[in-house]
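Just below is one structure, and these are the notes that go with it.
Residue numbers (the working numbering): 941 to 1486.
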């Protein structure tokens, strides 16, 4: 699914996920901090009530030791608790198990009052709570409870209440405290975390935009576009255009790909034209070779006729002279055809050498493209460095939160999640590097195709040079035949030469013609091989669409 998205969209998803993660972490951190503050208040209130219980226990110890009477001990304990204050105005209260007030600094009217007899719903609720503490003396509460109360100004505040039952005196000791400060701390934390999340988000967005712009400038477009174009080039389609959308610059990957494809297109077109020229020249050479062979066969027949007519030379001397002249003309044409064929085959060899040089230039261009892909890989390394720096910043934040103690616990959670986000960024960069490695593999495949074509072209050059050598031999043989025929013509003009001498000349002429025929057969085989090689080269070129 992600493969179908553009690079900018993927980076946008990373930013969105980062924002959502930061918001979730901030919310969880605030909730955890609020719970921690409530637990701290509960612990403090529990400790304060336990201190009051220790005071009562002290006076009870004095009673048991006989230092005080029960009445004196209770009055002393009551006075002490009545004088104790914490947080400025918070206090301790004492009621008997029967809800009779013993100590209540804030409302002295409750002292001596039995709350259970009151018609006030609030006092009846308080009496019910006291009786509940006494009833659960064997299983006392471990933490304070919370209740909503109204101030004199009519504002609703949350208070924590905790009570302790002292069974020897049938006293219920208790106290309460407001927790409005918790909401103030939470509100301050929301503001602080909001600022941090905003700053981190701005940094992430800025870094993502810079990275996206840099990568897009280097690639010249989307990575899947480059992969698609390289796949089409590997399949032989050289009609692709990487700059149709106008985004790919000259220094980008797609720009380099477009230049490489353009050069390949020109090279393959030149190879195709050269192959067609080689095939056409091979056909002409085959035709000329057949003509030379036909002339050789004609010369052989004339020589046979000449041998049969040696005994009738005197009578047929005029015919022999005419045939010798005709044979001389044919041999001269054979020499000219052999010289022309040799020149044409040499030109074909030069064209094939040019094709080999063009293929080497293509290899150089593709190697340059591989270097461009490696540069893109280095940019992916920069992204990984940014992720590593983010991870380091998260680690520093975790260290600072640890120094802050209980108040920094939430920040430690945020730092851990930021490290996870940095790891995800590294994983996304690894996927980009994998895509770039795929592009390099496709380009390397193109280099392999071109390198496989090089040996075939060099082989064509060698075979063409062999054909030139054989045609030179044919030309030499034809020249030799021409010289022999000239001798025959001279012999016919010099009728004083004896019949035996004429027979010897005819025998030599026959051998020369046979040699010429064999040479022409070999030349015909070489020409046919050249035609096969040019056809194979054309088939290789046909694979590409340009």
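Backbone N, C-alpha and C fix where the C-beta goes; we use that ideal spot for every residue, glycine too. It should be emphasised that the depicted structure is a prediction, and the values quoted were computed from it without experimental measurement.
Taking only the alpha-carbon atoms, compute the straight-line gap between residue 999 and residue 1071 and give it to the nearest angstrom.
24 Å
I'd like to check one pair, residue 1354 with residue 1113: are the Cβ atoms closer than 7 Å?
no
Evaluate residue 1052 with the Cβ neighbour count: other Cβ atoms within 10 Å of its Cβ, from every protein chain shown; 16 or more gives buried, anything less gives exposed.
exposed
Tell me, please, which residues DSSP counts as bridged to residue 1118.
1099
Let me confirm a value: residue 1472 is counted as buried when at least 16 other C-beta atoms fall within 10 Å, else exposed. Which label applies?
So residue 1472 counts as exposed.
Relative to the C-alpha of residue 989, which candidate in 1139, 1116, 1076, 1075 has its C-alpha closest?
1116
Helix, strand or coil for residue 1036 per DSSP?
strand
Span separating the alpha-carbon of residue 1230 from that of residue 1447
25 Å
Mapping DSSP to helix, strand and coil, what is residue 1085?
strand
To which residues of the same chain is residue 1038 closer than 7 Å at the C-beta, ignoring the five residues directly before and after it?
1054
Assign residue 1477 to buried or exposed, taking buried as 16 or more other Cβ atoms, counted over all protein chains shown, within 10 Å of its Cβ.
buried
Among 1148, 1412, 1141, which has the Cα closest to the Cα of residue 960?
1141
C-alpha gap between residue 1044 and residue 1138, whole angstroms
50 Å
Identify which residue in 1152, 1048, 996, 1167 has its Cα closest to the Cα of residue 1106.
996
Closest residue to residue 1214 among 1468, 1400, 994 (Cα-Cα distance):
1400
Nonlocal neighbours in the same chain, by C-beta distance under 8 Å from residue 1287, ignoring five residues either side:
1221
Is the region 1001-1011 touching the region 1024-1035, taking contact as three or more C-beta pairs under 8 Å?
no
With DSSP as the reference, identify every bridge partner of residue 1113, one or two as the case may be.
1034, 1104
Within 10 angstroms of the Cβ of residue 1198, are there 16 or more other Cβ atoms? Answer buried if so, exposed if not.
buried
May I ask you to verify whether the region 1324-1339 touches the region 1354-1372, counting CB pairs closer than 8 Å and requiring at least 3?
yes
Can you tell me where the beta strand (DSSP E) holding residue 1043 begins and where it ends?
1041-1043
Under three-state DSSP, which class holds residue 1228?
helix
In the DSSP assignment, the alpha helix (DSSP H) including residue 1061 goes from what residue to what residue?
1061-1075
Member of 1111, 1031, 985, 1176 whose CA lies at the smallest distance from the CA of residue 1042
1111
Within this structure, are the beta carbons of residue 1350 and residue 973 separated by less than 7 Å?
yes
Taking 7 Å as the CB-CB limit, is residue 1470 close to chain C?
Here there is only one protein chain, and chain C is not present.
Taking residue 985 as the reference, give the member of 1026, 1455, 953 with the closest Cα.
1026 is the residue among 1026, 1455, 953 whose C-alpha sits nearest the C-alpha of residue 985.
Can you list, in chain order, the residues of its chain whose CB lies under 6 Å from that of residue 1149, leaving out five sequence neighbours each side?
none
Coil, strand or helix - residue 1360 by DSSP
helix
Any idea what DSSP makes of residue 1503, helix, strand or coil?
The shown model of the chain, from 941 to 1486, leaves out residue 1503, and the question about it has no answer.
Buried or exposed by the 16-neighbour rule on C-beta atoms within 10 Å, applied to residue 1489:
Because the chain is modelled from 941 through 1486, residue 1489 falls outside the range shown and cannot be assessed.
Taking DSSP's pairing of strands, which residues face residue 1051 in a bridge?
1041
Residue 1077: which of 1059, 1108, 1147 sits nearest, CA to CA?
1108
Taking the alpha-carbon positions, what's the residue 1370 to residue 1352 distance?
27 Å
Assign residue 1067 to one of two classes, buried (16 or more other C-beta atoms within 10 Å of its C-beta) or exposed (fewer than that).
Buried: at least 16 other Cβ atoms inside 10 Å.
How would you label residue 1284, buried or exposed, when you count the other beta carbons within 10 angstroms and need 16 or more for buried?
buried
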